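Undergrad:
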Amino acid sequence: MESLPDEILEHILFHVIDASEVAACNCVSKRWKDSTSSIKTLYFSHDCFENLPTGGESSESIVERMISRVVQLEKLIVYSPFSAAGLASWLSIVSHSLRHLELRMDNVAGDQSFHENQSKLDCIGVARNLESLKLWGVLMMLSPKWDVFQSLKNLEIVDVQLEDAMLNSMLQSCPFITKLILLSCKGVQSISIDLAYLQECKLDIYGMGNCSLSLISPVIESLEVQGCSLIRVPQTKHLRNLSISIKAGRVYMVDFGNLSALKFLTMRGICWCWEAIYKMLKLASEVTHLYMKVEFTGDFEDLRPFPELDLVDFFNSHQKLQKFDIHGAMFAALRQRYCVRYLQSRFVIPCLEEVVITVRSPLNATRKMGTLDCLLKYSKNLRIMVIRPAPMMKSIQSNADEFFEKICCFAYKNQSIVRIEL
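For what it's worth, the UniProt record's numbering labels the leading residue of the sequence shown as 1, then goes sequentially.
1. Taking only runs of the beta strand (DSSP E) that begin and end inside the segment 103–182, which ones reach a length of at least 3 residues, in chain order?
2. Please determine, among Leu230, Asp164, His238 and Val78, the residue with the shortest C-alpha to C-alpha distance to Tyr197.
3. Is Gly269 closer than 7 Å to Ser243 when the C-beta atoms are compared?
4. What first and last residue would you give for the alpha helix (DSSP H) that runs through Leu375?
5. Looking at the secondary structure, which residues open and close the beta strand (DSSP E) in which Val386 lies?
6. Over the uninterrupted alpha helix (DSSP H) stretch that includes Met208, give me the two end residues.
7. Take Leu135 and list the residues in its own chain whose beta-carbon comes closer than 6 Å to its own, dropping the five residues that flank it on each side.
8. Leaving aside the five residues before and after Val138 along the sequence, list all residues of the same chain whose C-beta is less than 8 Å from its C-beta, in chain order.
9. Distance, Cα to Cα, Ala411 vs Phe44?
10. Report whether the distance from the Cβ of Lys186 to the nearest heavy atom of the ligand GTP is below 6 Å.
11. Taking the straight line between their C-alpha atoms, what separation do you get for Ser361 and Cys408?
12. Judging by CA-CA distance, which residue of Ser80, Val71, Ile67 and Pro81 is the nearest neighbour of Leu91?
13. Given a threshold of 16 other Cβ atoms within 10 Å of its Cβ, counted over all protein chains shown, does Arg99 qualify as buried or as exposed?
14. Reducing DSSP to helix, strand and coil, say where Arg268 ends up.
15. State the DSSP-derived secondary structure class of Arg360, mapped to helix, strand or coil.
16. Less than 7 Å between C-beta atoms, sequence neighbours within five positions excluded: which residues of the same chain meet that for Ala127?
17. When DSSP labels each residue in this structure, what does Tyr197 get in the three-state scheme?
18. Going residue by residue through the segment 252–297, where are the continuous alpha helix (DSSP H) segments of at least 4 residues, counting only ones entirely within it?
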């Protein structure tokens, strides 16, 4: 092992990030031990100190000793338990070189958990050169004592509890981020984000679905929102990917700017107000991929089926649509207002290549079969049509067998394109 060329040894150590593996390398030889000082990443797993001898060196002392040996540590990942004092000591050693920090914060139990968690958050401000910060299990009851992170581009927080004011204060310390991810976010009611450089944003809000979102970013390209009933994003010139979903409550209002750049649109939820659905479909006339899984419409406590949508008008308004994933309510709403035989010379669905249809009910079977015929006949570039009868369809409707038989016959006649997935 001593005779390995420097280049090969450097290549090996470049891929060694786990703290236990680094410790093992230190035991190989003096040369290997000296070379571990050039590693760039250290990762301490949640169980890496489980077998630590009682009465020996503490886990935090071991982490500090290993960090101190590294000349230019760029990435530090700590999932093992640690205290605020330990974190402060580590970051004071590597703050000049550290670029990426990932911490599991929810590892303190008992009455001291709040104070410890808050102190840990305050400590992070020491690492002023961070480019990426990822935190797990955050309880934020006070605004963190951070100065402005001038280099921070990526902020990810998973399982966080905080209030509106805390979130606003935290984002003010990160004005240059381009990527923001908040998952399993609890406690917020009104989110206001104003970040000039934000390109990618993913928000998963946990609660009753009554949260509002206002997002201002002139360069936003991708936005995924779950759990907001009121959404306002006025600057959408560069928005290419948009996903809106809600598990509880309903989407009442959407207010977007020009969506001419939008290519991928996803709409999910048990219930949306029809005005919000209609507005999104109207604005998203340039999309190439549309995923539509909203089961009902209606205001307040009402759950209603979709109003009828003319198939011809819909596809004439979405000429560039290439992939269409359509579920229950939307499929049931499509109908042919015009007699199709009069449209043969001028109606065409020009770009549609793949359509996935989930059928939830045999009601209006004749009209639904007509919709399937139209999609197949007038989609000149259609390669794949997948039909998915919902498992609940047979158990609810007595005439489901006849409808399913018609679908099977349709699939058999057009088996080069159509298939059924159960």
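Ideal Cβ positions, reconstructed from N, Cα and C, are used throughout, including at glycine.
Just so it is clear, the structure is predicted and the values come from calculations on it, not from any experiment.
TA: Quick look at the numbers:
1. 132–139 and 154–161, all fully within the segment 103–182.
2. Checked all of Leu230, Asp164, His238 and Val78; the closest Cα to Tyr197 is His238.
3. Not in contact: Ser243 and Gly269 (Cβ atoms no closer than 7 Å).
4. Its alpha helix (DSSP H) spans residues Ala365 to Tyr378.
5. Ile384 to Pro389 is the span of the beta strand (DSSP E), which, as asked, contains Val386.
6. Careful: Met208 lies outside any alpha helix (DSSP H) and carries neither H nor E.
7. Within the same chain, Cβ atoms closer than 6 Å to the Cβ of Leu135 are found at Leu103, Met105 and Ile157, the five residues on either side in sequence being excluded.
8. These residues qualify, in order along the chain: Met105, Asp106, Asn117, Leu121, Ile157, Asp159, Val160, Gln161 and Leu162.
9. The straight-line gap separating the alpha-carbon atoms of Ala411 and Phe44 is approximately 54 Å.
10. In the structure on display, the ligand GTP does not appear, and there are no ligands present to speak of.
11. Whole-angstrom Cα-Cα distance: 15 Å.
12. Checking every option, the nearest Cα to that of Leu91 belongs to Ile67.
13. Classification for Arg99: buried.
14. DSSP places Arg268 in strand when its eight states are reduced to three.
15. In the structure shown, Arg360 sits in coil (DSSP, three-state: anything other than H, G, I, E or B).
16. Excluding the 5 residues flanking it on each side, Ala127 has same chain C-beta neighbours closer than 7 Å at Leu91, Ser95, Leu98 and Leu101, in chain order.
17. Coil.
18. Runs of the alpha helix (DSSP H) inside the segment 252–297: 274–283.
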